[in-house]
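Numbering (the numbering used here), first residue to last: 102 to 829.
We put the beta carbon where it would ideally sit given N, CA and C, even for glycine.
Since this is a predicted model, take the numbers as computed values, not measurements.
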Amino acid sequence: MIRIEEIVEKVASNHPQANLDLLRRAYLFSAREHKGQKRASGESYLVHPLEVANILANMNLDEVSVATGLLHDVVEDTLVDLDTIRKYFGEEIAHLVDGLTKIAQISNISMEEQQAENVRKMLLAMVDDVRIVLIKLADRLHNMRTLQYLNPEKRKRIAEETMEIFAPIAHRLGMGKLRGELEDLAFRHLHPDAYRELTEQLEKRRQENEAFLSGVTERIEAKMNEAEVPFVRVEGRVKRLYSIWKKLKRQKIDLDQVYDLVAARVVTPNEVRHCYAALGVIHNTWRPVPGRIKDWIATPRDNLYQSLHTSVIGSDGQSFEVQIRTEEMHQIAEEGVAAHWKYKEGKRGAHDDDNAFQALRSLVEWTQEVKDSRDFLDSLKLDLYPKDLFAFTPMGKVIQLPRGATPIDFAYMIHSEVGNTCTGARINNRIIPLRSQIQNGDVVEILTSPHSHPSRDWLNFIVTSRARNRVRHWVAEQQRTESIEIGRKLFEKEAARFQLSAKKLFGDSDREMKRVAGEYGYGRVEDLLAGIGYGKLIPRNVIAKYLGPEQFEQLDKQKESRLRSGVRAVKRLIRFGDDSIVVRGVDDLMVTRARCCNPLHGEEIVGYITRGKGVAVHTKRCKNVASLMINRERIVDVEWAGRPETTAYAVKLLAVTENRTGMIAGITGAISDMKTGIRDARASVANDEKGHIEVTVEVFDVKHLDKVINSIKGVPGVLDVERMQGVV
Ligand code: MN
């Protein structure tokens, strides 16, 4: 087991001003809290935080990061809470530990493969300090190094997650060395047979490869010296297992056919011109493979990787790759964002113009146009998908949404049926209004009911075009369905007067109806009925087309005489909710009370065929009725069913009174004397110095209302009572 003092020494040599006491305290705290816990390997648990801290110290990270490495599992795996960490170690470490605990929650979720990209993005979007990611990667690296102690199922899951989530994140942060080790370890556990086979094959070629590489590196060194091109060192290496295996699989070849199994690397002093000079030397020595030269110096990769790559054909015909880069580029290629901490001290202290730091800085300016290395770190985070957020289903599926998205948007991302039947939502286990905005990392549960439908109101707050399209589609579809239904009823009602039954019209042979539809320019009979339902066509005219002029005239006359002889269309009761309004001669029509006048049982009413919302019933005195009368063909006769109402309706009354106290009490007393419910009562004094009392009462019908009004009028001091428009 590595000793804490070894780690302390490393940090001290990298960061002379570091607070070493912090490390020792973190160690003691972690040792105490993890006491008695064991890892799967049987070792004391403390080995793990120590190894993680050591990896972080090797990355040259600051003492705060290394101390956090020692404490990273304390909140998750022991009884210690975040407040205790804050109390003992301060806000900065508490913040890092908190970030790590959150990430642990994300990566614990079960994850489908295609979700990996989202999880990576989310992970990076959620942390606000890049050190959290570095500590997490160090944690993962040590877990991967000791993965063999876990059961095969866990091994596979963790290896998969490493391959899909953490190795790509390391890559994104430019940490080539860490990414390589993570990939090779994950490869070993995901494809043990392929791993073993490949290792054996490489082992057989080891001597041969080593001999070849030492020949190549010696030759390069000699040629560089000859040409007087300075270099720091020339290295030979066999490529990493996982990258070889990927190549074998991708190109469907075997190991003998991999031409760049081995590679040489030239590391030059920190001046770019030496790299290009070295490239010249290499190409003078061996013939380059055309099309294989890549200049990642002139155009660095997104993760700041820089190098010259070329492939050349060796004297024995075997080709191999040569990479050329400066010392700084090498460090950044290996350590990526972690290389930053090496230079952080310099920035604070006297070495402000430290070459390496300047190089990193100019690199950053070049690629990202940011002024400061601080911004560089920020940009790593902020660059990543600032417009998106990531939320989970309770099952752990990640849903990517634009910022401002609501649970309705979320529901439609899952499935349009989930959106269409959505009735409510829980975010992080709390019921919230559907118009609430989802935050990054929220767990969103959509509540549905099979009988529920989308609401037009949703269009006022949903943000994704997907949800918007589905809701619009549903509304249009719904209007059409209702219009067809209304059209059918109205048409059948009219047809019955001509003694045409529905069976005859729409039965086995509806050829005639198709003809009529065609004459109106409709492709289908349903479209014709929808036209009637929308009020565009008058049923009587459609009948005329159906019968032809002669027969129509004849039957029309018969109809008149039948009516005169007292045969009347049967009035049937229809029910809608607890409502009971009859549309004369038609049953099962959708009827709604108009919100503007909220008719009460017993009032004089009139029906109006709306576009797609059935028949709206207004009171005859409603101020909107006059304008509706312009479309006379859409007015239908309606009347109250003969049954007493069983549902009470809220009606708002305005009582104008003398300005004196006790008026509210008098009025509410009068109302309750009538055994009538009161929902609300409020008083104010108007400009005319009269009292205005608004009271909402629950009445069954218009007679009931009249009684209540009269009763209020009888209260001393009440000057007038009127009914207010609108629904309460
Ligand atoms: Mn851990």
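Query raised in the report: How long is the line joining the alpha carbons of A717 and N725, rounded to whole angstroms?
Result: 12 Å
Query raised in the report: What residue does the beta strand (DSSP E) around W741 start on, and which one ends it?
Result: 739 to 741
**Report entry** CA-to-CA distance, V413 to G392, given in whole angstroms
**Finding:** 11 Å
Report task. Could you check how far apart the C-beta atoms of V796 and D781 are, in whole angstroms? I think they sit under 8 Å. Result -> 7 Å
Query raised in the report: Does ligand 1 have even one heavy atom less than 8 Å from the beta-carbon of H149?
Result: yes
Query raised in the report: Helix, strand or coil: how does DSSP classify K753 here?
Result: Of the three classes helix, strand and coil, the one that applies to K753 here is strand, per DSSP.
Query raised in the report: In angstroms, rounded to a whole number, what distance separates the CA positions of H552 and K347?
Result: 51 Å
Requested in this report: Please list, in chain order, all residues of the same chain as R571 whose beta carbon is under 6 Å from its beta carbon, the five residues on each side excluded.
Outcome: Y513, S517, G520
**Report entry** Pairwise C-alpha distance: R641 and R824
**Finding:** 39 Å
Requested in this report: State yes or no: is the C-beta of N155 nearer than 8 Å to some heavy atom of ligand 1?
Outcome: The answer is no for N155.
Query raised in the report: Got a sec, what are the start and stop residues for the beta strand (DSSP E) G337 sits in?
Result: For G337, the enclosing beta strand (DSSP E) begins and ends at 334 to 339.
**Report entry** Closer than 5 Å: residues whose CB approaches a heavy atom of ligand 1
**Finding:** D174, D240
Query raised in the report: Which residues in the same chain as P495 place their Cβ atom closer than 7 Å to its Cβ, once the five residues preceding and following it in sequence are excluded?
Result: V544, E546
Requested in this report: Return the chain-ordered list of same chain residues with a C-beta closer than 7 Å to the C-beta of Y623, the five sequence neighbours on each side being excluded.
Outcome: L629, G632
**Report entry** First through last residue of the beta strand (DSSP E) which encompasses C523
**Finding:** Start and end: 523 to 528.
Requested in this report: Please name the residue in Q655, E620, K350 whose C-alpha comes closest to that of L638.
Outcome: E620
Query raised in the report: Taking only runs of the beta strand (DSSP E) that begin and end inside the segment 163 to 208, which ones reach a length of at least 3 residues, in chain order?
Result: none
**Report entry** Residues bridged to Y709 [DSSP beta-bridge criterion]
**Finding:** A717, I736
Query raised in the report: What is the DSSP secondary structure of G818, counted as helix, strand or coil?
Result: coil
**Report entry** Sequence-distant residues of its chain with Cβ nearer than 7 Å to K646 (five each side left out)
**Finding:** V617, E620
Requested in this report: Can you grab the Cα-Cα spacing for the pair T300 / T386, in whole Å?
Outcome: 32 Å
Query raised in the report: So, using beta-carbon positions, are L729 and I810 closer together than 9 Å?
Result: no
Query raised in the report: Would H173 be called buried (16 or more neighbouring beta carbons within 10 Å of its own) or exposed?
Result: buried
Query raised in the report: Would you report the Cα separation of K721 and V707, rounded to the nearest angstrom?
Result: 6 Å
Query - Contained alpha helix (DSSP H) runs [length at least 4] in the segment 308 to 364, N- to C-terminal order - result: 342 to 352
**Report entry** For S315, the nearest candidate out of Q302, F599, F421, E177 (CA to CA)
**Finding:** F421
Requested in this report: Figure out for me which residue from G275, L129, R388 has the closest Cα to the Cα of D417.
Outcome: R388
Requested in this report: May I ask you to verify whether the segment 336 to 356 touches the segment 268 to 285, counting CB pairs closer than 8 Å and requiring at least 3?
Outcome: yes
Query - Per-residue burial, L129 [other beta carbons within 10 Å of its own, 16 or more giving buried] - result: exposed
**Report entry** At least three beta-carbon pairs within less than 8 Å, the segment 295 to 312 to the segment 346 to 360
**Finding:** yes
Query - Touching by the beta-carbon criterion (3+ pairs, under 8 Å), the segment 128 to 143 and the segment 241 to 252 - result: yes
Query raised in the report: Taking just the CA atoms, how far does E336 sit from L147?
Result: 37 Å
Requested in this report: Counting only the same chain and skipping the five closest in sequence on each side, list residues whose C-beta sits under 7 Å from that of L242.
Outcome: I156, L279, E282, L283
Requested in this report: My understanding is that L121 touches E177, with C-beta atoms under 8 Å, so please give their C-beta distance in whole angstroms.
Outcome: Not quite, the Cβ-Cβ distance comes to about 26 Å (not below 8 Å), so this is no contact.
Query raised in the report: Taking buried to mean at least 16 other C-beta atoms within 10 Å of its own C-beta, is S785 buried or exposed?
Result: exposed
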